[in-house]
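**Q** Residues 230 to 390 in my numbering are what the sequence shown spells out, letter by letter.
The C-beta atom is built at its ideal place from N, Cα and C for all residues, glycine as well.
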Amino acid sequence: MADLNSLLLQALTASGSGSNLSMRELLLSQLDSDAPEAALLANYLKQQDENELSSEGEDDPIPLYRSPQEVEAKFEEMAKTVQELRARLDEVDQIYEELEELRERDEMISAALGACYCWGRNRQCPDCNGRGRPGTFLPDDRLFAKFVLPAVQVMKQRKKA
Ligand SMILES: [Zn+2]
Numbered sequence: 230m231a232d233l234n235s236l237l238l239q240a241l242t243a244s245g246s247g248s249n250l251s252m253r254e255l256l257l258s259q260l261d262s263d264a265p266e267a268a269l270l271a272n273y274l275k276q277q278d279e280n281e282l283s284s285e286g287e288d289d290p291i292p293l294y295r296s297p298q299e300v301e302a303k304f305e306e307m308a309k310t311v312q313e314l315r316a317r318l319d320e321v322d323q324i325y326e327e328l329e330e331l332r333e334r335d336e337m338i339s340a341a342l343g344a345c346y347c348w349g350r351n352r353q354c355p356d357c358n359g360r361g362r363p364g365t366f367l368p369d370d371r372l373f374a375k376f377v378l379p380a381v382q383v384m385k386q387r388k389k390a
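1. Given a cut-off of 8 Å, decide if T365 and A340 are closer than it, judged by their beta-carbon atoms.
2. Whether or not the stretch 344-358 and the stretch 378-387 are in contact is what I'm after, with contact meaning three or more pairs of Cβ atoms, one per stretch, closer than 8 Å; do they touch?
3. Nearest CA to the CA of G359: which residue from K389, E330, L367 and Y346?
4. On the premise that L342 lies in contact with P363, defined as a C-beta separation below 8 Å, what is that separation, rounded to the nearest angstrom?
5. Measuring from the CB of G364, is there a heavy atom of ligand 1 at a distance below 7 Å?
6. Taking R350 as part of the alpha helix (DSSP H), name the residues at either end of that continuous run.
7. Determine the closest residue to M337 out of L372, I324, E305 and E329, with distance taken between C-alpha atoms.
8. For ligand 3, is there a heavy atom less than 7 Å away from the beta-carbon of G343?
9. Taking the alpha helix (DSSP H) that F304 belongs to, which residues open and close that run?
10. In whole angstroms, give me the CA-to-CA distance for D335 and K388.
11. For F373, does the three-state DSSP call read helix, strand or coil?
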């Protein structure tokens, strides 16, 4: 992403000289579209534009941020938004990672028990039509030995004692 200070300076110069270039146009023109932060920021600005257009009517020009305080406040607000979006994206990544792990485990255990991966709970399931409860299919030998036998052995020992 382009250096924020230089952007700030350009924005101030532009508005000071009476140019029609708005802060957001300037930012958008300066952003490196390859950087993920830039894409987020650009989307945010675009959305803000759309919100303002829809609330103020299409003929209204995009407002200028005239004072340095306004520009700085806008920057801080945007930086915060980008930070929040990044945190959300990290959360989503983590959730996907966990989901992937759970799916893998679910597939192994259902195969160990001869169940469909939907456990017979999905009537639209293309593999079992909702009938794939444990024992419906032949259990996978290797997975059965890995996940089920140890539990069976413990239960047998408990009964003996
Ligand atoms: Zn199924």
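**A** The answer reads as follows:
1. no
2. no
3. Y346
4. 4 Å
5. no
6. Unbroken run through R350: none, as it is neither H nor E.
7. L372
8. Judged by which ligands are present, ligand 3 is missing from the structure shown, whose ligands are ligand 1.
9. P297 to A341
10. 29 Å
11. helix
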